[in-house]
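J.:
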Amino acid sequence: MAARPASRMLRQLLRSNVRSCSSGAPMTQPRPGEPSRPTREGLSMRLQFLQEHAAPFSAFLTDSFGRQHSYLRISLTEKCNLRCRYCMPEEGVSLTPKADLLTTEEILTLARLFVKEGVDKIRLTGGEPLIRPDVVDIVARLHQLEGLRTIGVTTNGINLARLLPSLQQAGLSAVNVSLDTLVPAKFEFIVRRKGFHKVMEGIHKAIELGYKPVKVNCVVMRGLNEDELLDFVALTEGLPLDVRFIEYMPFDGNKWNFKKMVSYKEMLDAIRQRWPGLEKLPEEDSSTAKAFKIPGFQGQISFITSMSEHFCGTCNRLRITADGNLKVCLFGNSEVSLRDHLRAGASEEELLRIIGVAVGRKKRQHAGMFNIAQMKNRPMILIGVLLMLQDSPPASWSTLSWDPLHVRNPGAKQCLSDQMATLWKRHSVPMALPLSQQCLGCTRMDCSPKDLCQLLPTPGSARCGLPIPLYSGTYQGKRS
1 MAARPASRML
11 RQLLRSNVRS
21 CSSGAPMTQP
31 RPGEPSRPTR
41 EGLSMRLQFL
51 QEHAAPFSAF
61 LTDSFGRQHS
71 YLRISLTEKC
81 NLRCRYCMPE
91 EGVSLTPKAD
101 LLTTEEILTL
111 ARLFVKEGVD
121 KIRLTGGEPL
131 IRPDVVDIVA
141 RLHQLEGLRT
151 IGVTTNGINL
161 ARLLPSLQQA
171 GLSAVNVSLD
181 TLVPAKFEFI
191 VRRKGFHKVM
201 EGIHKAIELG
211 YKPVKVNCVV
221 MRGLNEDELL
231 DFVALTEGLP
241 LDVRFIEYMP
251 FDGNKWNFKK
261 MVSYKEMLDA
271 IRQRWPGLEK
281 LPEEDSSTAK
291 AFKIPGFQGQ
301 ISFITSMSEH
311 FCGTCNRLRI
321 TADGNLKVCL
331 FGNSEVSLRD
341 HLRAGASEEE
351 LLRIIGVAVG
361 RKKRQHAGMF
371 NIAQMKNRPM
381 ILIGVLLMLQ
391 DSPPASWSTL
401 SWDPLHVRNP
411 GAKQCLSDQM
421 ATLWKRHSVP
431 MALPLSQQCL
441 GCTRMDCSPK
451 DLCQLLPTPG
461 SARCGLPIPL
471 YSGTYQGKRS
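Listed below in structure tokens is the structure:
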């Protein structure tokens, strides 16, 4: 028999494979859940099934470990209206010149490219994203991108109540608020600015507008706010919140110390002592948080365990900094400038190749570093991860007071934390700390000797033997 021409053999091979789909399953042998009849109607249903279930990713967003990156965080600005101690060095940071920051059109161009390749969630970060004048317009234009399912924002909450109605109308679908304390005086110490009441108003406004859950990010630091764990958990009893406790992470300039970190297991043990019925919730794919819920509570709590139990194996996140650099790992210092290539006139294909190389080099965990505590990285404010010295002394140096009912469910019968009120008189630095942690807390926050000023304790309470701090101001926010 004469040999058949190669072209004929190729045509027959193509015809034999034309009925195969991208998944490799022949159309006559559908997978479970697919239509079984190869009729015209069945073929149409099968096509719809494949469109809904086939992985939308190109190779550009898949790393060498098979992780598909569907979540993009975009920093809109390096600026912030707070000065959080764990986020920004005390001396501040050198900001990128405005000309070197991404323009609105460049942000949208990159977002469109990533969404086209399979990204379905974008979170806007900073700095503080809500101080960018065109943030509402950016959200509205992102909302028009086909395939983008979620647009979120991580904010310190100062401008949230004012802007959220417009942001919601523009298409914002998720809200994270950074709040590390429920004590107004301590809030001013941590963030070196005023604004506690504005943050609480922003959280209540988000609840009022139907965001569920509203996520509250709390960075837990030993000697500063770990004594408020139970108070934060109690917020979830009457409010639809997801309070996320974040292990204190090292970033350039935040004077990270292992002794300041409170581990996930330590936090969980303390909470379970108060609520033994705490239940673990199923983990979502690519989730960075371990979620728990107390039966009967409206909200839930979560733990982000970057230090003690990393979640690198399911990481699906990429980051674009405000100056246009792509970071494939939060803890890595390896970056590639998409801005420079964009401004040099790179085509879409060229940008995708650059992105693909960067993603392909992503390490298995923590940027390939064994000890992330010794790494050299940007300050947190320049990456876009979120989670106030008083201008003048109080009119009276009497005890600052805190009423927990201002910030938690008013139906609760008693507060969970009876703390000692202390006043840092010199340099107008008020701070509330438990009596047992006064000296230890001061040294752990790297305070200079001149800040170790005269402490003015107040009469104690009969119930716990320690004074109860009551905030002298009045919180005017909405109560739920």
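Going by full-length UniProt numbering, the first residue of the sequence shown is number 1, and it counts up by one from there. We put the CB at the ideal spot given by N, CA and C, even for glycine. Here the structure is a predicted model, which means the values were calculated and not measured.
Judging by CA-CA distance, which residue of Leu229, Asp231, Ser173 is the nearest neighbour of Ile207?
T.: Taking the first residue of the sequence shown as 1, we reach residue 207 at position 207. Among Leu229, Asp231, Ser173, the Cα nearest to that of Ile207 belongs to Ser173.
J.: Less than 6 Å between C-beta atoms, sequence neighbours within five positions excluded: which residues of the same chain meet that for Ile294?
T.: What you label residue 294 is simply residue 294 of the sequence shown in a count that begins at 1. For Ile294, where only same-chain residues beyond five positions count, the Cβ hits under 6 Å are Trp275, Leu278.
J.: Going by C-alpha to C-alpha distance, which of Ala99, Pro129, Lys265 sits closest to Leu76?
T.: Taking the first residue of the sequence shown as 1, we reach residue 76 at position 76. Measuring from the Cα of Leu76, the nearest candidate turns out to be Pro129.
J.: Evaluate Arg162 with the Cβ neighbour count: other Cβ atoms within 10 Å of its Cβ, from every protein chain shown; 16 or more gives buried, anything less gives exposed.
T.: Along the sequence shown, read from residue 1 onward, the residue named residue 162 stands at position 162. The residue in question, Arg162, is exposed, as its Cβ has fewer than 16 Cβ neighbours within 10 Å.
J.: Helix, strand or coil for Glu208 per DSSP?
T.: In the sequence shown, residue 208 corresponds to position 208, counting from 1. Glu208: helix per DSSP, three-state reduction.
J.: Going by the beta-carbon positions, is the gap between Leu110 and Leu338 smaller than 8 Å?
T.: Working through the sequence shown from its first residue, we reach residue 110 at position 110. Working through the sequence shown from its first residue, we reach residue 338 at position 338. Yes, Cβ-Cβ distance for Leu110 and Leu338 is below 8 Å.
J.: What residues in its chain sit with their C-beta under 6 Å from that of Ser71, if we drop five residues either side in the sequence?
T.: Translated into positions along the sequence shown, residue 71 becomes position 71. In the sequence on display, residue 71 carries Tyr and not Ser. Counting only Cβ-Cβ distances below 6 Å, and skipping sequence neighbours, we find Lys121, Asn316, Arg317.
J.: Can you tell me which of the three DSSP states Leu318 falls into?
T.: Mapped onto the sequence shown, residue 318 falls at position 318. Correct three-state label for Leu318: strand.
J.: Kindly list the residues whose CB is nearer than 8 Å to the CB of Leu209, restricted to its own chain and excluding five residues on each side of it in sequence; keep chain order.
T.: Taking the sequence shown and counting its residues from 1, one reaches residue 209 at position 209. For Leu209, where only same-chain residues beyond five positions count, the Cβ hits under 8 Å are Leu164, Pro165, Gln168.
J.: Taking Cβ positions, are Gly324 and Glu106 nearer each other than 8 Å?
T.: Within the sequence shown, the letter at position 324 stands for residue 324. Within the sequence shown, the letter at position 106 stands for residue 106. The answer is yes: Cβ separation under 8 Å.
J.: In three-state DSSP terms, what is Gln273?
T.: Residue numbering aside, residue 273 sits at position 273 when the sequence shown is read from its first letter. Gln273 falls in the helix class under three-state DSSP.
J.: Which same chain residues end up closer than 6 Å to Val262 when comparing Cβ atoms and leaving out the 5 residues on each side of it in sequence?
T.: Numbered from its first residue, the sequence shown carries residue 262 at position 262. Only Val220, Arg222, Glu226 meet the Cβ criterion.
J.: By Cβ distance below 6 Å, which residues in the same chain neighbour Gly152 in space, the five residues on each side in sequence not counted?
T.: Walking along the sequence shown from the start, residue 152 turns up at place 152. Counting only Cβ-Cβ distances below 6 Å, and skipping sequence neighbours, we find Arg123, Ala174.
J.: Just to confirm, is the Cβ distance from Tyr248 to Thr305 under 8 Å?
T.: Counted from its first residue, the sequence shown places residue 248 at position 248. Counted from its first residue, the sequence shown places residue 305 at position 305. Not closer than 8 Å, so no.
J.: If you draw a straight line from the C-alpha of Ile158 to the C-alpha of Thr236, how long is it?
T.: The sequence position of residue 158 within the sequence shown is 158, counting from 1. The sequence position of residue 236 within the sequence shown is 236, counting from 1. Rounded to the nearest angstrom, the two C-alpha atoms are 21 Å apart.
J.: Note down the Cα distance separating Arg193 from Phe187, rounded to an integer number of angstroms.
T.: Taking the sequence shown and counting its residues from 1, the one referred to as residue 193 is at position 193. Taking the sequence shown and counting its residues from 1, the one referred to as residue 187 is at position 187. Computed Cα separation, rounded: 8 Å.
J.: Below 8 Å between beta carbons: does that hold for Ala140 and Gly118?
T.: Working through the sequence shown from its first residue, we reach residue 140 at position 140. Working through the sequence shown from its first residue, we reach residue 118 at position 118. Contact: no.
J.: How should Lys212 be labelled, buried or exposed, when 16 other C-beta atoms within 10 angstroms of its C-beta is the threshold for buried?
T.: Translated into positions along the sequence shown, residue 212 becomes position 212. Exposed, since its Cβ has fewer than 16 Cβ neighbours within 10 Å.
J.: Decide if Arg132 is buried, meaning its Cβ has at least 16 other Cβ atoms within 10 Å, or exposed.
T.: The sequence position of residue 132 within the sequence shown is 132, counting from 1. That one is buried.
J.: Take the Cβ of Asp285 as the centre, count every other Cβ of all protein chains shown within 10 Å, and call the residue buried at 16 or more, exposed below.
T.: Locating residue 285 in the sequence shown gives position 285, where the first residue counts as 1. Looking at its Cβ environment, which holds fewer than 16 other Cβ atoms inside 10 Å, Asp285 is exposed.
J.: Can the beta-carbon of Thr155 be found closer than 8 Å to that of Val177?
T.: Taking the sequence shown and counting its residues from 1, one reaches residue 155 at position 155. Taking the sequence shown and counting its residues from 1, one reaches residue 177 at position 177. Yes, these two residues count as a Cβ contact at 8 Å.
J.: Taking Cβ to Cβ, would you say Leu224 is nearer than 8 Å to Ile271?
T.: For this step, residue 224 is matched to residue 224 along the sequence shown. For this step, residue 271 is matched to residue 271 along the sequence shown. Going by C-beta atoms, Leu224 is not nearer than 8 Å to Ile271.
J.: When the Cα of Lys198 is compared with those of Asn81, Cys329, Thr321, Arg364, which residue comes out closest?
T.: As a first step, residue 198 is located in the sequence shown; it is residue number 198 there, counting from the start. Ranking the options by Cα distance to Lys198, first place goes to Asn81.
J.: Starting from Cys218, follow its DSSP beta bridges and name the residues at the other end.
T.: Within the sequence shown, the letter at position 218 stands for residue 218. Answer is Phe245.
J.: Where Glu201 and Asp242 are concerned, what is the direct C-alpha to C-alpha distance, given to the nearest angstrom?
T.: Reading the sequence shown from its first residue, position 201 is the one you call residue 201. Reading the sequence shown from its first residue, position 242 is the one you call residue 242. When rounded, the distance between both Cα atoms is 17 Å.
J.: Fully enclosed by the segment 277–307, which beta strand (DSSP E) runs are 3 residues long or longer?
T.: List check, beta strand (DSSP E) in window: 289–293, 300–304.
J.: Return yes when the Cβ of Arg244 is within less than 8 Å of the Cβ of Met289, no when it is not.
T.: If you number the sequence shown from 1, residue 289 lands on position 289. If you number the sequence shown from 1, residue 244 lands on position 244. The amino acid at residue 289 is misidentified as Met; the sequence shows Ala. Yes, the pair counts as a contact, with Cβ atoms nearer than the cut-off.
J.: Helix, strand or coil: which one does DSSP assign to Arg353?
T.: Along the sequence shown, one-based indexing puts residue 353 at 353. Three-state result, Arg353: helix.
J.: Is the beta carbon of Gly356 sitting closer than 8 Å to the one on Ala59?
T.: What you label residue 356 is simply residue 356 of the sequence shown in a count that begins at 1. What you label residue 59 is simply residue 59 of the sequence shown in a count that begins at 1. Yes, they are a contact pair.
J.: I believe Val115 touches Gly147 by the beta-carbon criterion, under 8 Å. Please report the beta-carbon distance rounded to the nearest angstrom.
T.: Your numbering for residue 115 matches position 115 in the sequence shown. Your numbering for residue 147 matches position 147 in the sequence shown. About 5 Å separates the two Cβ atoms, so the contact holds.
J.: Assign Arg149 to buried or exposed, taking buried as 16 or more other Cβ atoms, counted over all protein chains shown, within 10 Å of its Cβ.
T.: Taking the sequence shown and counting its residues from 1, one reaches residue 149 at position 149. Result: exposed.
J.: If you draw a straight line from the alpha carbon of Lys68 to that of Phe196, how long is it in whole angstroms?
T.: One-based indexing of the sequence shown puts residue 68 at position 68. One-based indexing of the sequence shown puts residue 196 at position 196. For clarity, residue 68 is Gln in the given sequence; the question names Lys instead. In a straight line, the C-alpha of Gln68 is about 38 Å away from that of Phe196.
J.: Would you say Val233 and Ile301 are within 8 Å of each other, going by their C-beta atoms?
T.: The residue labelled residue 233 in the question sits at position 233 within the sequence shown. The residue labelled residue 301 in the question sits at position 301 within the sequence shown. Taking 8 Å as the Cβ cut-off, Val233 and Ile301 qualify as a contacting pair.
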